[in-house]
Amino acid sequence: MILAAVFYLFAFILLLSGFLVITARNPVHSVLFLILAFFNAAGLFVLLGAEFIAMILVIVYVGAVAVLFLFVVMMLDIDFAHLRKGAMQYVPLGLLVGVILLTELVISVSAWQFNSLSQQNLAVPEIGLNAATNTQALGAVLYTQYVYAFQLAGLILLVAMIGAIVLTHRVRPGVRKQSIESQNARRPEEAMEILKVQSGAGIS
Amino acid sequence: MSEFGFLDFNLVPLLPEVFLALSAMGFLLIGVSFGDEARRVIPWYALLALLMTGVLVSQVSFDDAIVLGGMFKADAYSGFVKLLIIGGVMATLGLSMRYLEQEHIDQMEFYVLVLLASVGMMFMVSAVNLLSLYMALELQSLSLYVLAAFNRQSPRAAEAGVKYFALGGLASGMMLFGISLIYGFTGSLDFGTLTASMMVMQPVPFAVIFGLVFLLAGLAFKLSAAPFHMWTPDVYEGAPTAVTALFAMVPKLAALALLMRILFEPFAYLVPQWEQIIIFLAVMSMIVGAFGAIAQSNIKRLIAYSSIGHIGYALIGVAAASEGGINAVLLHMLIYMAMTAGTFAVIMAMRRGGRSVERIDDLAGLSRSQPILAYALGILMFSMAGVPPFAGFFGKLMIFQAAIGAELYALAIFGVVASVVAAYYYLRIVKVMFFDEAVLMLDLNVLSGPQRFILACSVAFVLFFILSPSAFIDSTQLAAAALFPGR
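Note that the protein sequences, when read in sequence, are chains A and B. Taking my numbering, the leading residue of the first sequence gets 1, the next gets one more, and so forth. Taking my numbering, the leading residue of the second sequence gets 1001, the next gets one more, and so forth.
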């Protein structure tokens, strides 16, 4: 009963905020509603018992993607009112695409079944699946059975990092960088000179 | 360990790859810490690391161990291909050092990326799981995308990099789609389980064959087999010559080895289904390779078309679907690699006024100004065309023999005709060098010691292969036999 109530609460706010994302006049409000939508979707995942996906949703989409959107919206000077002009003419097309997608989803979900062989192949007991939470279960296979793929992913990210630096970094001569060590190592004796100035004589 | 049911955690078969990956990371650290001082030593360190990796590969026992959750297999086949990969990468590095200095792009990241790409390629040939296959392929591809755009001063290199990246991403997407279909209908990514499933499932669901087609399309892109070759001439032309040399020699061998493992391990029971696809790719590649090159005036584009054609010949051997076919493909690729190394040494010698030139006409009069270079390139071109006493002939001969053994007569005849057409443009280079009058001379004494050494080795290999072909054929036979256990 409470579960159902919570589900309807999350689902209602999710749909409402999703609707507001595309109707809000102010783009900053749109992004904020998007964040609200992500949080509610995460809540739905928690209800399903998929707490790992919920965490990823909040960390990746709210923490990185939505914040990036917010930056872009605030930094770029885009005339959204102008962009939105004439958007209504695409509504029929959008509705058509939406209906097709919905039918496809309904058909595939209702008619989907594994063939006997893949069921048999999938039935091979995966290690760690009896763990308490699915985060634990993922961890148990990620660092044992799939450690090879995990390490390869690490190497791929290293290559991506090297590539990004090689292709974009340029050494600019004459840039003055802050050097905290040399700042801290400076003593008053070498930085200051105390002169006794006789009044009226000035400093040459 | 047994608590997780995880018993095959054994890093010994991976020792060469782990060593190479760690040395690449070490060089990165050295390069970042010491800056310019490290630039001169890192190429030599990289060569040394590759040499030691080669020693490790030959020392690790090929007991067909499948380790790390069924992801990695070290057998005689992967061992042989890995040695070839290491040899090709070493030749590339030997060719690159002086060239990178001349073009002012001698950054240490080049060597790190080349080493990481080699790690990716070595993982590719050992992959026995669709997941590890994809990860290894991406490691290799990502490094190569960056290398293609490595010369930041050149807009053409940037164009090559972007083109390669965009099309490569598309090919990866197609491959993933194919893999997901195969997984969806068999419930497994593991080659062993897939083999068993294919044997049980008769008839094989249409969607699995559909998935296999997409998987092959993605791999054909990496092989630059027509009709997935469009990127090749542009990328070869735009990328720095050192990188083009790498592209021409090594990644194709790795992709071909991977292709053969996929076709002869999990999909060995689907030969009638995939054979037509491979024959189509082979015929298209030979047509494009033979006729596309005729109108080219840039020597790097010409080599690109030539490599498409050579992949076409190699695919004939794959289509033969026999141990002899694999043997022929491995030998053909070995010989092609050796010839390409020498050819690129000559291309790197093509400089005028300190700048590199790439038109075929620039070679005019080379026989008078630098006769040794002209004769070397002449021999290599005759060998590429498949003229008898040279090595290139034997690679093609074995391929056609395998095709005839598999009763693919039409394909074999087509291959012979295509290689006759291709001979025209190889011989055109010889004609330009020996019979055309030079308008402007090329610079003399451009090549460095390592480049001369590689050219000499390449020409010697091509010339003297006929004296003892069995030295090489024995090892390719051993490798090919490993892919056909008990069949």
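Built from N, CA and C at the ideal position, the CB exists for glycine as well.
Can you grab the Cα-Cα spacing for the pair Tyr1164/B / Ala4/A, in whole Å? 51 Å
Decide if the region 1224-1240 of chain B is in contact with the region 1266-1285 of chain B; the criterion is three or more beta carbon pairs, one per stretch, under 8 Å apart. yes
What do you get for Pro1240/B, buried or exposed, if any count of 16 or more other CB atoms within 10 angstroms of its CB means buried? buried
Ala1481/B versus Asp1064/B - alpha carbon distance: 12 Å
Are there 16 or more other CB atoms within 10 angstroms of the CB of Glu1437/B, so buried, or fewer, so exposed? exposed
Cutoff 7 Å; reference Glu1103/B; Cβ partners in own chain excluding five residues on either side: Asn1151, Pro1240
Beta carbon of Gly1099/B, beta carbon of Ala1242/B: below 8 Å? Position check: residue 1099/B holds Tyr in this sequence, whereas Gly was assumed. Yes.
I'd like the span of the beta strand (DSSP E) that includes Val1250/B, first residue to last. First-last for Val1250/B: undefined, no H or E at that position.
Classify His1310/B: buried if its beta carbon has 16 or more other beta carbons within 10 angstroms, exposed otherwise. buried
Considering only C-alpha positions, which residue in the set Asp1474/B, Leu1258/B, Val1430/B is nearest to Ala1364/B? Val1430/B
Assuming Ala1422/B and Gly1324/B make a contact with CB atoms under 8 Å, what is their CB distance in whole Å? 24 Å between Cβ atoms; not a contact.
Out of Arg1156/B, Ile1335/B, Phe1465/B, state which residue places its alpha-carbon closest to the alpha-carbon of Asp1234/B. Arg1156/B
Taking Cβ to Cβ, would you say Val1089/B is nearer than 8 Å to Leu1050/B? yes
Over what stretch of residues does the alpha helix (DSSP H) that includes Phe1464/B continue unbroken? 1449-1464
Do you know how far the Cα of Glu51/A is from the Cα of Tyr1111/B? 43 Å
How about Glu1323/B: is its C-beta nearer than 8 Å to some C-beta of chain A? no
Does the contact criterion of 3 or more C-beta pairs under 8 Å hold for the region 1115-1135 of chain B versus the region 1071-1089 of chain B? yes
Which residue spans inside the region 1065-1149 of chain B form an unbroken alpha helix (DSSP H) run of at least 4? 1076-1102, 1108-1126, 1130-1148
Straight-line Cα distance separating Met1230/B from Gly1169/B: 14 Å
Reduced DSSP category for Ser199/A - H, G, I as helix; E, B as strand; rest coil: coil
Look at the Cβ atom of Leu1302/B, then the Cβ atom of Val1346/B, and state whether they are nearer than 8 Å. no
Examine chain B for any beta-carbon lying closer than 8 Å to the beta-carbon of Ile162/A, and answer yes or no. yes
Could you tell me the boundaries of the alpha helix (DSSP H) in which Ala1391/B lies? 1391-1405
Along the chain, where does the alpha helix (DSSP H) containing Pro27/A start, and where does it finish? 27-48
Contact set between the region 134-156 of chain A and chain B, restricted to residues whose Cβ is under 7 Å from the partner: Ala140, Thr144, Gln145, Tyr146, Val147, Tyr148, Ala149, Leu152, Ala153, Leu155, Ile156
Residues, ordered as in the chain, of the region 1172-1195 of chain B that lie near chain A by beta-carbon distance below 7 Å: Phe1185, Thr1186, Gly1187, Ser1188, Thr1193
Are Ala1038/B and Leu1115/B closer than 8 Å when you measure CB to CB? no
Using the beta-carbon count (16 or more within 10 Å), is Trp1274/B buried or exposed? buried
Apart from the five residues just before and just after Met1175/B, which ones in its own chain have a Cβ nearer than 8 Å to its Cβ? Tyr1134, Leu1137, Phe1214, Leu1215, Ala1217, Gly1218, Leu1219
Below 8 Å CB to CB, which residues in the same chain sit around Val1146/B once its five sequence neighbours on both sides are set aside? Leu1113, Gly1161
When the Cα of Phe1247/B is compared with those of Ala1268/B, Met1381/B, Gln1140/B, which residue comes out closest? Gln1140/B
Does the pairing of the region 1259-1273 of chain B with the region 1375-1393 of chain B give three or more beta-carbon distances under 8 Å? no
Meets three-Cβ-pair contact criterion under 8 Å: the region 1408-1421 of chain B and the region 1448-1465 of chain B: no
Exposed or buried, which one is Gly1312/B when buried takes at least 16 other CB atoms within 10 Å? buried
Taking only three categories from DSSP, how would you classify Ser1002/B? Unreliable placement is indicated for Ser1002/B, whose pLDDT of 39 sits below 50; the coordinate value is still reported in the next sentence. In this structure, Ser1002/B counts as helix in the three-state DSSP scheme.
Which word fits Ser199/A, buried or exposed, when buried means at least 16 other C-beta atoms lie within 10 angstroms of its C-beta? exposed
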